[in-house]
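First residue of the sequence shown: 1, per UniProt numbering; consecutive thereafter.
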Amino acid sequence: MSTEGLVQLFGRYPDQYVSGELMSQELGVSRTAIWKQIRKLESAGYEFEASTKLGYRLAYAPEKLDSERLTDLMETSRFGKKISFHEQVKSTQDIARELAESGAPEGQLVLAEEQLGGRGRMGRSWVSPQGKGLWMSMVMRPNVPIHCAPQLTLLTAVALCRALKRHTDLPIGIKWPNDLLVNGKKISGILLESAAEDERLKYIVAGVGLSVNLTEADYPEELLDKATSLRIQAGRVWSRKAIMAAFLKEWETLYDLFLQEGFRPIASLWESLSVTLGKPVRFITPQGELTGVPIGLEDSGAIRVQREDGSVTALFSAEMGEPLP
1 MSTEGLVQLF GRYPDQYVSG ELMSQELGVS RTAIWKQIRK LESAGYEFEA
51 STKLGYRLAY APEKLDSERL TDLMETSRFG KKISFHEQVK STQDIARELA
101 ESGAPEGQLV LAEEQLGGRG RMGRSWVSPQ GKGLWMSMVM RPNVPIHCAP
151 QLTLLTAVAL CRALKRHTDL PIGIKWPNDL LVNGKKISGI LLESAAEDER
201 LKYIVAGVGL SVNLTEADYP EELLDKATSL RIQAGRVWSR KAIMAAFLKE
251 WETLYDLFLQ EGFRPIASLW ESLSVTLGKP VRFITPQGEL TGVPIGLEDS
301 GAIRVQREDG SVTALFSAEM GEPLP
């Protein structure tokens, strides 16, 4: 018996409990075999409600991602037009970097149903369970100097935030530099890694992890007060394909604007979406801790912080803590 056969059986009884006896009869296998297949489906992102008297009800079936249908949804000219799809990977960043080194075109996307070693900024791990999020990396080849790389990190955050706000109506905002928050909890991770040649960017691999349909049960207990998903916040399931298409369209639009007009229009959009500007906060920098009020972005992408003595410091690399009381 395959998991596919079990899914098809539940499809014949939508929103109903199916007894172990009925499943055994229809599929011609033991109840133990059925239980093992249900465990496999749960590890693949399916969710079941169990009742001692009634059996099992399929509560959630993950929307499958496939490159052909995704390509049909794209309203872009480059981003996501070529997709390398994987069921399970250690990290989409590693695969995208290999593709970039071998000459993959701008817009080449690596997409996975599950990451075993997803990572974010500062080397942190990222929870990437199967079938419930968008775990992707894309090759970018901007003809700009090396120092523009941080600007593209901020641009990616702006594109994702704008697309999600439009698609979900949730109160999503940006915490510097690129964390997306809903009600103070993080829903995405963005990591850009670059390679340079002759003082110009050779390529950038932009990694994005978005928690779409995760439930609280998908997170380690220690992350529940810090991390969330679109599903948890909205109380409903979302189409990953529709969200991805909306994001790539916004991302390409802002990227083209950046190439034509520079970073200032992107900086203005970032400032309008920030949830941390104007609030006292503690920064952890390579030189030590610093307290001040972030007041805006430099054209370089650095954040301007006003100190208690009125002086203004530009920070390029720092970890922003929670707003101070």
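C-beta: ideal position from N, C-alpha, C; glycine also.
Model, not experiment: these values are computed from the prediction.
On the DSSP letters alone, give me the boundaries of the alpha helix (DSSP H) that residue i sits inside.
i	result
M74	From DSSP, M74 is part of no alpha helix (DSSP H); its letter is neither H nor E.
W270	264-273
K249	240-261
V158	149-168
K36	31-43
L22	20-27
R12	Careful: R12 lies outside any alpha helix (DSSP H) and carries neither H nor E.
What's the C-alpha gap between residue i and residue j?
i	j	result
G103	A96	11 Å
Y219	L41	18 Å
M320	P286	12 Å
E101	E49	46 Å
E98	P145	22 Å
G207	E252	15 Å
I204	P280	33 Å
E106	L27	47 Å
Q115	S188	14 Å
L111	G310	46 Å
F85	K132	15 Å
A217	E199	46 Å
How would you label residue i, buried or exposed, when you count the other beta carbons within 10 angstroms and need 16 or more for buried?
i	result
Q16	exposed
S137	buried
M122	With a pLDDT of only 45 at M122, under the threshold of 50, the placement of this residue in the model should not be trusted, and no figure is reported.
N213	buried
L324	exposed
G11	exposed
I295	exposed
G288	exposed
What span of residues does the beta strand (DSSP E) with residue i cover, start to end?
i	result
R282	281-285
W135	133-140
F48	47-51
G207	200-211
- Counting pairs of Cβ atoms below 8 Å between the segment 54-70 and the segment 232-249, do you hit three or more? yes
- Message: With a threshold of 8 Å, are at least 3 pairs of Cβ atoms found where one atom belongs to the segment 133-151 and the other to the segment 258-270?
- Response: yes
- Which residue spans inside the segment 284-310 form an unbroken beta strand (DSSP E) run of at least 3? 288-297, 303-306
- Query: Does the segment 182-196 come within contact of the segment 294-309, defined as at least 3 CB pairs closer than 8 Å?
  - Reply: Fewer than three Cβ pairs drawn from the segment 182-196 and the segment 294-309 lie within less than 8 Å of each other, which leaves the two stretches out of contact.
- Message: Check whether the segment 223-234 and the segment 160-170 are in contact - that is, three or more C-beta pairs closer than 8 Å.
- Response: yes
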